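Data first, discussion second: the structure below is written as structure tokens.
Here is the structure:
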């Protein structure tokens, strides 16, 4: 899949979507990056730490969030999209479920639309995405977690989303699916969505997993958002093992390291040159590990 000017190997790698919230009320980092200089430094740091995409959002989606008018959301996100586009060579995602915001963001330089409502909130959004020819990430969501059989119902909901996309003319190779951890689900539903993530592959699309600092981790560990890094990392490992193509995270450095270690252990090493070396068949590291531990691949 091509996002921006970059090709993503979705079968053999797990990529990092770094979060840039430009909201005053995000559950995790609300107001931290509203200053342009601070946001620029944060993006630079995320790229240095291993981010592959920057996801920019202007409306908090925490429980009880306030719905923004499109004009206000546009005024929040477009300047930051333009700033990232001007200063950095990295694909940009816009986190919105509104057609007007997506249209403005794409015109400003966004390369992907990340929609938390799976095309079910604003009927105009699917057409905007289709006309742009850009990729999209479509998330599972419900207003109420009224499931008869959770995984069966979630897959059926996602099929409805895919039908909307097809009817609008969004190409199959432009779609990423997200199980929507933390959205329209109970605590138990969220754990099940992570634990059974591989079942989403039945639908035939790459998967994004977004668990960073979320309440399912806080409830499990009884920790505030600022102390949920370790819990997030465990879910990231699950994501890699279950075939997620992307993880959406706040703490890029820690997740980058965990992904690389997990990929090494599973034979999906990806770009080991990011550490300043490349593992080859004849490298001392490879030979040593093969001889002493039986490590291969």
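Residue numbers (our numbering): 6 to 302. C-beta atoms are modelled at their ideal positions from N, C-alpha and C, and glycine is treated no differently. Here the structure is a predicted model, which is why all the values come from computation and not from measurement.
Which two residues bound the contiguous alpha helix (DSSP H) that contains residue i?
i	result
residue 85	75-92
residue 6	That residue, residue 6, is in no alpha helix (DSSP H); it is neither H nor E in DSSP.
residue 120	Counting along the chain, residue 120 falls outside any alpha helix (DSSP H), though it belongs to the beta strand (DSSP E) covering 117-120.
residue 258	257-271
residue 46	41-54
residue 130	128-137
residue 108	104-113
Please tell me whether residue i and residue j are closer than 8 Å, where the distance is taken between their beta carbons.
i	j	result
residue 5	residue 152	What the structure shows of the chain is the stretch from 6 to 302, and residue 5 is not part of that stretch, so it cannot be assessed.
residue 87	residue 114	yes
residue 238	residue 259	yes
residue 146	residue 121	yes
residue 167	residue 208	yes
residue 130	residue 104	yes
residue 112	residue 173	no
residue 170	residue 180	yes
residue 234	residue 256	yes
residue 335	residue 82	No answer is possible for residue 335: the residues shown for the chain start at 6 and end at 302.
residue 183	residue 142	yes
residue 45	residue 92	yes
residue 139	residue 116	yes
residue 270	residue 244	no
residue 61	residue 97	yes
residue 160	residue 123	no
residue 189	residue 219	no
What residue does the beta strand (DSSP E) around residue i start on, and which one ends it?
i	result
residue 98	97-100
residue 18	Segment: none, residue 18 is in no beta strand (DSSP E) and carries neither H nor E.
residue 253	251-254
residue 143	141-144
State the beta-bridge partners of residue i as determined by DSSP.
i	result
residue 59	23 and 97
Quick check: does the Cβ of residue i come within less than 7 Å of any heavy atom belonging to the ligand PLP?
i	result
residue 100	This structure does not include the ligand PLP; it has no bound ligands of any sort.
Inset, instruction - At 3 residues or longer, and completely inside the region 172-238: list those beta strand (DSSP E) runs for me, N to C. - result: 180-183
Inset, instruction - Taking 8 Å as the threshold, find out whether the region 247-262 comes into contact with the region 212-224 through three or more Cβ pairs. - result: yes
Inset, instruction - Would you be able to state if there are at least three C-beta pairs under 8 Å between the region 15-31 and the region 49-57? - result: yes
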